[in-house]
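Undergrad:
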RNA sequence: GGGGCUGUAGCUCAGCUGGAUAGAGCGACGGUUUCCUAAACCGUAGGUCGUGGGUUCGAGUCCCGCCAGCCCCGCCA
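Numbering (our numbering), first residue to last: 140 to 741.
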């Protein structure tokens, strides 16, 4: 529909100009005053588009909205080019102009979609081939030596989907895993390691530390209980940061093992990431502080080096600081984030040369990013024409409305959460098979359970507007009806069923006949796919894509329920098969962009 | 105390640049299967969009006040 609305837009502008030549001539800002304000129709019965500007113009032109609408419509009716696209416009309500796209025009779009693997979504146009604009998506970001838990779920899933959409649009995308690999926690880990498994640091072979989480817990306990252990730990941090070989060896060991564990989760979720942890920016931290100082932004306060924020005041009415160097001389996460922003926007080879940098983290970090972005901007590290955005999301809550915890009150491990989703999908499927008297092979059952379980977790998260907290419920996400992954997957399975039962979906054909409203509803919805993708790219809200796909499934199910495909008369049968094909293609691509795998049977 | 986010049907949530009678899903109630997977479809009931002002031809949407909940607030990330 995007191409149609773009074609119509200038025609309306022309009509406005001809309808009100005196105003057009006198008005300096013709463009803003005569914005056609073309919008998708708010309801199906209003057609495909609506022009809302007659109401807005009433005051400026000192005429009634209806009279203005009539004048616009008269002009449109005289324009042959416009009438090639739309039926005669209708005026409704206080002065809305409703446009309905001609059936033959919709059909042309429909045929074009059938042949277009991109389903109408344009490639972005910036840069030459091989030098497309770079979009950095910073997401997931677990901490080394800790396990991925439910807190990493949303960032990982939402970030991946956003990255997929940019990739599909033809951007060069860098999916960065900004892992926590340089915190003070390494002091205690290394100290503990030296005591319990010194041999790990002496051999050159890979040493298996076993359960890293348990190891972390033991270290933490000792750190909390034993003051001499604390002293040693602090010394280890200093050693590590000054490049001590043994400390580095230990650090590498921890990182590698963690990496291995993270990768298992990413493989399961089919998510790819490039690891570039905090340690990567170490060499740049000193320079960040130096340059902030040189540009006059840096202020020493109680021994800490800070940049005071503009327009953000604290309790005492004084501006809030962003601390970039602690009293003890150490750097902190604001320093790292500043170094990262700077590196990411600096052009190659000294940096990434990004045009857009997106941070997918929980909304609790909103203040932090606001401060960091402001400092980076004032330091001149965010080039004009680029964008840096925090994409915040809410907490994952349990069904009691409180932060999700296990029954014993512990953080939910991501691994366990995924296992449970798959296990539940598995048992649901087995129950169903029994009820229906179906026999299926184990591999089939495993695959369906896995796809449905993981898809359900992802979809449940993505289908919610990310800014609000999100109530996690296995029962709801795995439900067979409603706005869930299984519902969407099932629509696709129905189409595969038609193909299996003898419907040739691949046949090319440019003479379709449609007569039923269920068919036209489906066609109209299918043609909106391109608009939705571009909207998600702009707003970074994958839930819009989910809503679209859910509606598509609903409309398809209505069509499927009310009209026969295989048993229809030949002329309708082939047309309906084409419609099924485009529906399947759209669902598949949409789900792929959400990172959700699909099934032929379930 | 300051800042951010949120408040829409019994529950979980949509609601795009302000537009026509505020939408889904679940749950409730009623119906549909000689037919491509009924994991579906159709129908009924359910609303003072937290609250009070303001801007506007028009406000769930924008602005201000208030109430409630969650999160953050100088040397953790």
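Virtual Cβ for every residue (Gly too), placed ideally from N, Cα, C.
To the nearest angstrom, report how far apart residue 616 and residue 309 are at their CA atoms.
TA: As a working mapping, residue 616 is identified with position 477 in the first chain. As a working mapping, residue 309 is identified with position 170 in the first chain. Looking at the two C-alpha atoms, the distance is approximately 32 Å.
Undergrad: Between which two residues does the alpha helix (DSSP H) carrying residue 630 extend?
TA: Along the first chain, one-based indexing puts residue 630 at 491. Start and end: 624-639.
Undergrad: With distances taken from CA atoms, which of 224, 242, 236 and 554 is nearest residue 204?
TA: Locating residue 204 in the first chain gives position 65, where the first residue counts as 1. For the residues 224, 242, 236 and 554, the minimum Cα distance to residue 204 belongs to 236.
Undergrad: So which of 331, 552 and 335 has the shortest CA-CA distance to residue 376?
TA: As a working mapping, residue 376 is identified with position 237 in the first chain. With distances taken between Cα atoms, residue 376 lies closest to 331.
Undergrad: Counting C-beta neighbours from all protein chains within 10 Å, is the total for residue 585 16 or more, i.e. buried, or is it exposed?
TA: Translated into positions along the first chain, residue 585 becomes position 446. That one is exposed.
Undergrad: Taking residue 550 as the reference, which of 297, 642, 289 and 151 has the closest Cα?
TA: As a first step, residue 550 is located in the first chain; it is residue number 411 there, counting from the start. Here the closest residue by C-alpha is 289.
Undergrad: Just how far apart, CA to CA, sit residue 562 and residue 590?
TA: Here residue 562 is taken as the residue at index 423 of the first chain, counted from 1. Here residue 590 is taken as the residue at index 451 of the first chain, counted from 1. Those two C-alpha atoms are separated by around 11 Å.
Undergrad: Can the beta-carbon of residue 747 be found less than 8 Å from the beta-carbon of residue 475?
TA: Because the chain spans 140 through 741 in this model, residue 747 falls outside it and cannot be assessed.
Undergrad: Of all the options 239, 548, 311 and 240, which has the alpha carbon lying nearest to the alpha carbon of residue 264?
TA: The sequence position of residue 264 within the first chain is 125, counting from 1. Looking at the Cα atoms, 311 is the closest of the given residues.
Undergrad: Which word fits residue 681, buried or exposed, when buried means at least 16 other C-beta atoms lie within 10 angstroms of its C-beta?
TA: Taking the first chain and counting its residues from 1, the one referred to as residue 681 is at position 542. Per the 10 Å Cβ criterion, buried.
Undergrad: Less than 8 Å between C-beta atoms, sequence neighbours within five positions excluded: which residues of the same chain meet that for residue 438?
TA: Here the question's residue 438 lines up with position 299 in the first chain. Cβ neighbours of residue 438 beyond the five flanking positions: 444, 445, 446, 447 and 460.
Undergrad: Leaving out five residues before and five after residue 408 in sequence, what residues of the same chain have Cβ atoms less than 8 Å from its Cβ?
TA: One-based indexing of the first chain puts residue 408 at position 269. Taken in chain order, the residues that qualify are 295, 296, 299, 557, 593, 597 and 734.
Undergrad: What is the DSSP secondary structure of residue 670, counted as helix, strand or coil?
TA: Within the first chain, numbered from 1, the residue matching residue 670 stands at position 531. Of the three classes helix, strand and coil, the one that applies to residue 670 here is helix, per DSSP.
Undergrad: List the DSSP bridge partners of residue 498.
TA: The residue given as residue 498 occupies position 359 in the first chain. Note: residue 498 sits in a beta bridge opposite 277 and 529.
Undergrad: Please report the straight-line C-alpha distance between residue 400 and residue 416, rounded to a whole angstrom.
TA: Sequence index remark: in the first chain, residue 400 carries index 261 (1-based). Sequence index remark: in the first chain, residue 416 carries index 277 (1-based). Taking the straight line from one Cα to the other gives about 16 Å.
Undergrad: Taking DSSP as the reference, what is the three-state secondary structure of residue 694?
TA: Start at 1 with the first residue of the first chain, and residue 694 comes out as number 555. Residue 694 falls in the helix class under three-state DSSP.
Undergrad: Using 10 angstroms around the beta-carbon of residue 569, count the other beta-carbons present and answer buried if the total reaches 16, otherwise exposed.
TA: Working through the first chain from its first residue, we reach residue 569 at position 430. With fewer than 16 Cβ atoms within 10 Å of its Cβ, residue 569 is classed as exposed.
Undergrad: Considering only the beta carbon of each residue, do residue 494 and residue 272 sit closer than 8 Å?
TA: One-based indexing of the first chain puts residue 494 at position 355. One-based indexing of the first chain puts residue 272 at position 133. Contact: yes.
Undergrad: Pick from 380, 314, 388 and 293: whose alpha carbon is nearest that of residue 333?
TA: As a first step, residue 333 must be located in the first chain, where it is residue number 194. Among 380, 314, 388 and 293, the Cα nearest to that of residue 333 belongs to 388.
Undergrad: Mind checking whether residue 452 and residue 276 have CB atoms under 8 Å apart?
TA: Counting from 1 along the first chain, the entry for residue 452 is found at position 313. Counting from 1 along the first chain, the entry for residue 276 is found at position 137. Contact: no.
Undergrad: Which whole-angstrom value describes the C-beta separation of residue 518 and residue 430, a residue pair presumed to lie in contact below a C-beta threshold of 8 Å?
TA: In the first chain, residue 518 corresponds to position 379, counting from 1. In the first chain, residue 430 corresponds to position 291, counting from 1. Between residue 430 and residue 518 the Cβ distance is about 7 Å, and since that is below 8 Å, they are a contact.
Undergrad: Determine the DSSP secondary structure at residue 317, reduced to helix, strand or coil.
TA: What you label residue 317 is simply residue 178 of the first chain in a count that begins at 1. Note: residue 317 maps to coil in three-state DSSP.
Undergrad: From residue 194 to residue 666, what does the alpha carbon distance come to, in whole angstroms?
TA: Mapped onto the first chain, residue 194 falls at position 55. Mapped onto the first chain, residue 666 falls at position 527. Approximately 28 Å between the Cα atoms of the pair.
Undergrad: Measure the C-alpha to C-alpha separation of residue 287 and residue 554 and round it to an integer number of angstroms.
TA: Start at 1 with the first residue of the first chain, and residue 287 comes out as number 148. Start at 1 with the first residue of the first chain, and residue 554 comes out as number 415. Taking the straight line from one Cα to the other gives about 8 Å.
Undergrad: Nearest by alpha-carbon distance to residue 363: which of 328, 149 and 382 is it?
TA: As a working note, residue 363 is residue 224 in the first chain. Among 328, 149 and 382, the Cα nearest to that of residue 363 is on 328.
Undergrad: Suppose you measure from the CA of residue 351 to the CA of residue 537; what does that come to, to the nearest Å?
TA: What you label residue 351 is simply residue 212 of the first chain in a count that begins at 1. What you label residue 537 is simply residue 398 of the first chain in a count that begins at 1. Cα-Cα distance, rounded: 27 Å.
Undergrad: Considering only DSSP beta bridges, list what residue 460 is partnered with.
TA: Here residue 460 refers to the residue found at position 321 of the first chain. In DSSP, residue 460 forms a bridge with 447.
Undergrad: For residue 337, tell me which candidate among 385, 572 and 657 has the shortest Cα-Cα distance.
TA: Residue mapping note: residue 337 aligns to position 198 of the first chain, counting from 1. For the residues 385, 572 and 657, the minimum Cα distance to residue 337 belongs to 385.
Undergrad: From residue 637 to residue 513, what does the alpha carbon distance come to, in whole angstroms?
TA: Counting from 1 along the first chain, the entry for residue 637 is found at position 498. Counting from 1 along the first chain, the entry for residue 513 is found at position 374. Answer to the nearest angstrom: the Cα atoms are 56 Å apart.
Undergrad: Counting only runs of 3+ residues fully inside the stretch 383-444, write out the beta strand (DSSP E) ranges in chain order.
TA: With a minimum length of 3 residues, the continuous beta strand (DSSP E) runs that stay inside the stretch 383-444 are 437-440.
Undergrad: Rounded to whole angstroms, what's the CA-CA distance from residue 705 to residue 579? Just pull it up for me.
TA: Numbered from its first residue, the first chain carries residue 705 at position 566. Numbered from its first residue, the first chain carries residue 579 at position 440. The straight-line gap from Cα to Cα measures roughly 26 Å.
Undergrad: Quick check on the DSSP output: what are the complete beta strand (DSSP E) runs of length 3 or more inside the stretch 514-558, in order along the chain?
TA: The stretch 514-558 contains these whole beta strand (DSSP E) runs: 526-532.
Undergrad: Could you tell me which whole beta strand (DSSP E) segments of length 3 or greater appear in the stretch 161-218?
TA: Runs found: 177-179 and 188-190.
Undergrad: Taking just the CA atoms, how far does residue 397 sit from residue 748?
TA: Only positions 140 to 741 of the chain appear in this structure, which leaves residue 748 out of reach.
Undergrad: Buried or exposed: residue 724, going by 16 or more other Cβ atoms within 10 Å of its Cβ?
TA: Along the first chain, read from residue 1 onward, the residue named residue 724 stands at position 585. By the neighbour-count rule (16 or more Cβ atoms within 10 Å), residue 724 is buried.
Undergrad: Based on Cα-Cα distance, which residue from 497, 515 and 472 lies nearest to residue 432?
TA: One-based indexing of the first chain puts residue 432 at position 293. The shortest C-alpha separation from residue 432 is found at 515.
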